[in-house]
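Reminder that position 93 of the sequence shown reads as 158 in the working numbering, one-by-one numbering, no gaps.
Each residue gets a CB set at the ideal place from its N, CA and C atoms; glycine is no exception.
One structure is given below, encoded as structure tokens.
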Amino acid sequence: MDAQDAELAARMIGRPLRGRSAAAVRCAWGLPAVLRVAPRLDDGTPFPTTFWLSCPLASRAVGRLEASGVMRELTARLADDQALADAYADAHERYVATRDALGPPVPGDPSAGGMPGRVKCLHALYGHHLATGDNPVGAWVAERVEPLACPAPCVDAGDDA
């Protein structure tokens, strides 16, 4: 990630970036909406997700969904809908393979967002969906938060945006 993207992404998430990152998805304004983050920080500490939702508008919309408690309902759906559970488990396997291709494997093959057996973090699952198109719960989130009405860039990117 170049210095300008790193600075923009840090402003978008409200803190300095940690770990090696790249823009996995850009918004209509050309800003990094989802970051692909290496599985380990520079000191070797595992990073909690490969696809970090950096768009503040998307993050707020997903946060409202999380605040409504839908994770319990979605976890219950995994128990009741075998096709959904299978697709979610398959997405988990591909997520782990993608993450492991970015750096040394993380012990225990942890996933993100609760995969494969529960729904824990919609931000991670939606970020995964946006970056890969490969997460059924992330797709469910997309149906509820999109389109994101972004009338202007969330941060000033200067003349290069």
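By the criterion of at least three beta-carbon pairs nearer than 8 angstroms, the region 148 to 158 is not in contact with the region 208 to 216. Per the C-alpha coordinates, the member of ARG183, PRO170, CYS120 and VAL90 positioned closest to LEU106 is PRO170.
THR114 is classed as buried because its beta carbon has at least 16 other beta carbons within 10 Å across all chains shown.
The shortest C-alpha to C-alpha distance from PRO121 to any of ASP199, ALA74 and PRO111 is the one to ALA74. Closest option to PRO181, judged by alpha-carbon separation, among VAL202, ASP165 and GLU138: VAL202. DSSP places PRO81 in the coil class of the three-state scheme, outside both helix and strand.
Counting only runs of 3+ residues, the beta strand (DSSP E) found wholly inside the region 101 to 167 occupies 116 to 118, in chain order. Rounded to the nearest whole angstrom, the CA to CA distance from ALA87 to PRO175 is 21 angstroms.
Within its own chain, the residues whose Cβ lies closer than 8 angstroms to the Cβ of MET77, once the five positions on either side in sequence are excluded, are LEU96, PRO97, SER119, CYS120, PRO121, CYS219 and VAL220, listed in chain order. Taking VAL127 as the centre and dropping the five residues before and after it, the same chain places the C-beta of LEU118, LEU187, HIS188, TYR191, VAL206 and VAL210 closer than 8 angstroms to its C-beta, in chain order.
In the DSSP secondary-structure assignment, SER176 is not bridged to any residue. It is roughly 21 angstroms from the alpha-carbon of ASP151 to the alpha-carbon of ASP165.
Comparing C-alpha distances from VAL184 to each of ARG125, TYR153 and ALA103 shows the shortest one belongs to TYR153. Here the alpha carbons of ARG85 and ALA68 stand approximately 12 angstroms from one another.
Assigned with DSSP and collapsed to three states, ALA204 falls in helix.
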